[in-house]
Amino acid sequence: MSKFQKLLWGCTIAAAQTEGAYNIEGKGPSIWDEFTRKSYKIKDRSNAKIATDFYHRYKEDIDLAASLGLKIFRFSISWPRIIPHGTGDVNTKGVDFYNNVIDYCLKVGIQPWITTYHWDLPQKLQDKGGWTNREIVNWYTDYVEILKEHFADRVKYWILINEGVVCMGGGYFLGVHAPGKRGIRNFIAATHHLLLAQAEGFRVLKQKKDLQVGTAISCTKIEPYRDTINDRKAAIRIDALMNRLFIEPHLGMGYPHEDLPIISRISKYYQEGDLERLKVDFDFWGIQTYTREVVKGTWYIPYLGAMLVRPKKRNVKTSIMGWETYPQGIPYFLERFAKYDTKKPLWLTECGMALAKDEDDQNRIEYYQKVIIGMKSVLDKGVNLKGILLWTLVDNFEWAEGYIPKFGIVELDKKTLKRTMKKSALWLKEYLLNIEL
Ligand code: GAL
66 MSKFQKLLWG CTIAAAQTEG AYNIEGKGPS IWDEFTRKSY KIKDRSNAKI ATDFYHRYKE
126 DIDLAASLGL KIFRFSISWP RIIPHGTGDV NTKGVDFYNN VIDYCLKVGI QPWITTYHWD
186 LPQKLQDKGG WTNREIVNWY TDYVEILKEH FADRVKYWIL INEGVVCMGG GYFLGVHAPG
246 KRGIRNFIAA THHLLLAQAE GFRVLKQKKD LQVGTAISCT KIEPYRDTIN DRKAAIRIDA
306 LMNRLFIEPH LGMGYPHEDL PIISRISKYY QEGDLERLKV DFDFWGIQTY TREVVKGTWY
366 IPYLGAMLVR PKKRNVKTSI MGWETYPQGI PYFLERFAKY DTKKPLWLTE CGMALAKDED
426 DQNRIEYYQK VIIGMKSVLD KGVNLKGILL WTLVDNFEWA EGYIPKFGIV ELDKKTLKRT
486 MKKSALWLKE YLLNIEL
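Under this note's numbering, the final residue of the sequence shown carries the number 502; numbering is consecutive throughout.
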């Protein structure tokens, strides 16, 4: 079998985007429940009260994934479903639900993977400052301890925090995601605490030696608009923000303040031993990349001195997300990551393309075909890539974009909640069947 044939294929979903059942069987409110109440923040004025109703239809979705030949089912745990107030009492109904999901995966022969945090913080904790409150390091580690106690007997692969830069950037800097906070101070404090929490969460899970524990990193290729010193320097700053800030402290390299001077302010939040505590030796890294950004230097954007040059301005076609579709980012980041540590296993833990409602699904197939070419090319260069998880199985609640972008390989009828395989799902099934031939 070639290295390519040995790759494992799976899919990723997230609680806040799929589960629905937002206020039943003991679940407490999350920051996304609260954020979507102010519906003007969501493009189509929707919310995730029902979402795809995964809470009641998990068997159908896991069956679908298995029937396509997928071997991994990555889902996230909703913290307020397990601990409704964020700390304190555990909701046994919530624990039962995830036990059922795990057991059903195992029953149909698909490996369950857990993400401990995919952005749905308990609102009760946000009321105390959320990630800007250093206490969250303890709140989070207690939560992870509970997850370990209940699920680590059957779940071997764990992802701690999904895309730190996106949830901190969207939620605590730009205010476009829950909890809708803005400003550099919020961002810097929250980022430091999130990374500390992730490091401590790692240590909690690794008390159980046989677990494989990693993180999932959002990566966006950054390029200068013009070949000028100004634009090149701007690109270095934004690259440090987007592609290094949430990685290098864990590798013992500290924060990238030389290339991103504003981040020096983070030292205000240090306590003794923090930099040492941030170091962790993840068992694997999850890479997630969707697009590329082009930036130019400008003096009037505070802190960063850079602005994005939108794809439209560059005459580049975009997906319904307004993103330049950029499968070339996949080999680029896999190779770049492999340079940090040549032996560490890498996974593509999310990878996909959004289509508009009536757009031809052939575009998604072509996107995945390019992804496959990229994966083959890095395997040939010796990169230790282990597998790929597609984003995503069923069309779902795409955060501030509501239900407009369709990332699923399975279509969701929003009214009836009926699932229908798209052309890309059928293509994938056929592809996976033939891969070993
Ligand atoms: C990722 C995120 C997912 C999904 C995807 C597509 O950043 O982890 O939840 O929304 O992007 O936008």
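Glycine is no exception: its CB is placed at the ideal position from the N, C-alpha and C atoms.
All figures in this text were calculated on a predicted structure; none of them were measured in a lab.
DSSP lists K361 as the bridge partner or partners of M372. One Cα belongs to G174, the other to A217, and the distance between them is close to 17 Å.
Contact annotation: G417 and D109 have beta-carbon atoms that are not nearer than 8 Å.
Within the model, the alpha-carbon separation for V241 versus E337 is close to 33 Å. A straight line joining the alpha-carbon of G279 with that of W178 spans about 11 Å.
Using a cutoff of 7 Å, the CB of E228 counts as near the ligand GAL, since one of the ligand's heavy atoms is closer than that. Within 10 angstroms of the beta-carbon of A281 lie 16 or more other beta-carbons, which makes it buried. The nearest non-hydrogen atom of the ligand GAL is less than 7 Å from the C-beta of S283. Taking every protein chain shown into account, the CB of T485 has fewer than 16 other CB atoms within 10 angstroms, so this residue is exposed. The secondary-structure analysis by DSSP pairs M307 with nothing; it has no beta-bridge partner. According to the DSSP secondary-structure assignment, S95 is paired through a beta bridge with P187.
Here Q70 is exposed, its C-beta having fewer than 16 other C-beta atoms within 10 Å.
Closest in C-alpha terms to K487, from the list W464, G447 and L420, comes L420.
Under DSSP, A81 takes part in no beta bridge, so it has no partner. Shortest gap from the CB of W456 to any heavy atom of the ligand GAL: under 7 Å. The three-state secondary structure of G266, taken from DSSP, is helix.
For T414, the enclosing beta strand (DSSP E) begins and ends at L411 to E415. Taking a cut-off of 8 Å on C-beta distances, the stretch 383-401 touches the stretch 436-452, as three or more cross pairs fall below it.
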